[in-house]
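Numbered per the working numbering, the sequence shown spans residues 31 to 132.
Even glycine gets a Cβ: it sits at the ideal position worked out from N, Cα and C.
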Amino acid sequence: MFSVLIVITEYDRLAYQTHRRVCLSKEEILNKLSDAVVTGKIEQAKAGAKEALAAKMEALTAINEGLVKGMSIVGDRYAAHQVYLPQVLMSAHTMYAGLDIL
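What follows is the structure in structure tokens.
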């Protein structure tokens, strides 16, 4: 039979694991934004933009070093014929989703 103390302690441990805030570094946030644009993941770009704002990062920094960097990678891949126009358009759409939040 469980004692009340054990149940409360277990509840506190689970609540802490569930609700703790994971702090990402500036580089991790920028890489997340860049990767989202390259892969065309709109929700990841939105989440990255929100994390950048929550981390008190300047919007211009997040745009230039995250979103624009991702589009630059896509542009280089397009020039090298590694991706095609639909992927470029999807990446652009993803970048604009991040820009809307920033």
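By Cβ distance, which residues of its chain are closer than 7 Å to residue i, with the 5 residues on each side in sequence left out?
i, result
"V68", "G100, I103, V104 and S121"
"R107", "V113"
With the cut-off set at 9 Å, would you say residue i and residue j are in Cβ contact?
i, j, result
"S64", "L97", "yes"
"K76", "A127", "yes"
"G70", "H111", "no"
Put residue i into one of helix, strand or coil per three-state DSSP.
i, result
"E81", "helix"
"Q112", "coil"
"G96", "helix"
"G70", "coil"
Quick one: residues in its chain with C-beta nearer than 8 Å to the C-beta of residue i, no 5 flanking neighbours on either side, listed in chain order?
i, result
"I59", "G78, E81, A82, A85, M87, A92 and G96"
Starting from the C-beta of residue i, find all residues in its chain whose C-beta is less than 6 Å away, skip the five residues before and the five after it, and write them out in chain order.
i, result
"M125", "V67, L97 and M101"
"I72", "T124 and A127"
"Q74", "A66"
"Q117", "none"
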